[in-house]
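Notes to accompany the following structure.
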Amino acid sequence: MNPTLPNENELKDPTVWYSAANQIFFTLGSGLSVLTTYGSYNISTNNCYYDALIAVIANFAASFLAGFVVFSALGHMSWRLNKSVETVVNLGSSLSFIAYPEILATFKYPTFFSILFFLMVINLGLDSDFGGLEAMYTALSDEYLLLRRHRKFGMFIMCCILVIACLPTVTNGGNYVVQYLDKFSTGPALMFVVMMEAIAASWVYGINNIVYDIQLHLGFQPNYFFRFTWKILCPVIVTLLIIFSLISPDELKYRNYLYPSWSIIFGWCFNMTLILPIPIIIIYVFIRYSDSEKSLKERIYSLFVPTITKQRLKRQLEKRSTFVVS
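Each residue of the sequence shown is one higher than the one before, starting from 0 at the first, in numbering that gives the first Met the number 0.
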């Protein structure tokens, strides 16, 4: 069999960059509130700059190393099965449980390394669940204080609900459900949420306010590269990725099964539910909290003005610092 050579033309395909960006969103947890939730437990003077650098570098190193492992495994399977790499990749989400055990079977102590591998998979799943559950429950408990007083019971109920919801994924057709959820659980909707977060932070709250907050907490200002990235580069890139994903959507299939068109429509509707809270909350806040005596233009403008001033933020920070020291 001739060796499979890299195809540079794939780099010209926007869907490749969209898939890569989608993977970054998934591995870093961008837009999923996990990092925001964890960060809320830090003290006000915690150096989030170094935390962000460490997280990104660790994610890059782990992905880079995993790439060697994955592509080596795919090449080995391609050679053993006498099939092209594209055929091997079509194994889908079951690739980890087929390719890696076959590679581990060639080791000197296959049972020992197989146990380590599956323990690693279990730990990865549990760690991901910890972050997701913490983010969801923290958001709910901030809104409903009763949940904060009954945290253990509330977390137990949430875990039970999620276990019941995930039962279809362990049935005979579970692989088809997993493939379906993998396609429509994030995608353009999650990127739209991230784009709105970037716009809200950099444009509505203001990049100058962000710089002031960072200087107040850490004692130094981020350089102009970060300011340009937050205000211009990130919103533009995410917007382009959303456009590319909507212009050229891929067909959804698992092995030889092609999903029906009605399931694709339902999946896109399900994906769009991630966006619905944004306009709903805007309308609710506009009706509930805006001053009816003002003009429509003034009422809309008041929705896009930060409610916290620099003086108020400084007083809150001084109170938190005094509390932490005491």
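Note that the Cβ used here is the ideal one computed from N, Cα and C, for glycine as well. Here the structure is a predicted model, which is why all the values come from computation and not from measurement.
Complete alpha helix (DSSP H) runs within the segment 122-156 (minimum length 4 residues, chain order) = 144-148
Do you know offhand how far Pro-234's Cα is from Met-194's?
-> 5 Å
Pick from Met-190, Ile-281 and Gly-205 that is closest to Leu-245, judged by C-alpha positions = Met-190
Do the segment 216-236 and the segment 200-208 meet, that is, are 3 or more Cβ pairs less than 8 Å apart?
-> yes
Under the three-state reduction of DSSP, which class applies to Thr-14: helix, strand or coil?
-> helix
For Tyr-108, three-class secondary structure by DSSP = coil
Measure the C-alpha to C-alpha separation of Glu-133 and Leu-123 and round it to an integer number of angstroms.
-> 16 Å
Using DSSP bridges, identify the partner residues of Lys-252.
-> Leu-257
Beta-carbon contacts of Phe-243 that lie in its chain and below 8 Å, excluding the five residues immediately before and after | Pro-13, Thr-14, Trp-16 and Tyr-17
With a threshold of 16 other CB atoms inside 10 Å of the CB of Ala-197, please say whether the residue is buried or exposed.
-> buried
Do Ala-188 and Thr-36 have their CB atoms nearer than 9 Å?
-> no
Would you kindly work out how many angstroms separate the C-alpha atoms of Cys-165 and Ile-114, rounded to a whole number?
-> 25 Å
Just how far apart, CA to CA, sit Ala-19 and Leu-239?
-> 14 Å
Tell me whether the beta-carbon of Leu-302 lies closer than 9 Å to the beta-carbon of Ile-281.
-> yes
Separation of Tyr-253 from Gly-27, as counted between CA atoms = In the sequence as presented, Gly is not what sits at residue 27; that position holds Leu. Each residue's Cα considered, the two are about 26 Å apart.
May I ask which residues mark the beginning and end of the alpha helix (DSSP H) holding Pro-276?
-> 276-288
Supposed contact pair Ile-102 and His-75 - C-beta distance, whole angstroms, cut 8 Å = 6 Å
From the DSSP output, in three-state form, read off Ser-201 for me.
-> helix
Cα separation between Val-69 and Val-120?
-> 15 Å
Hey, would you say Gly-266 sits closer than 9 Å to Lys-182, going by beta carbons?
-> yes
Tell me whether His-149 is buried or exposed, calling it buried when 16 or more other Cβ atoms sit within 10 Å of its Cβ.
-> exposed
Cβ-based neighbour list, Gln-220, same chain, cut-off 7 Å, excluding 5 preceding and 5 following | Val-210, Ile-213 and Gln-214
Quick one: using the 10 Å Cβ neighbour count with 16 as the cut-off for buried, is Ile-42 buried or exposed?
-> exposed
Using DSSP with H/G/I as helix, E/B as strand and the rest coil, what is Ser-325?
-> With a pLDDT of 37 at Ser-325, under the threshold of 50, the modelled position of this residue cannot be trusted; read the value that follows with caution. Correct three-state label for Ser-325: coil.
With DSSP run on the structure shown, which of helix, strand or coil describes Gln-214?
-> helix
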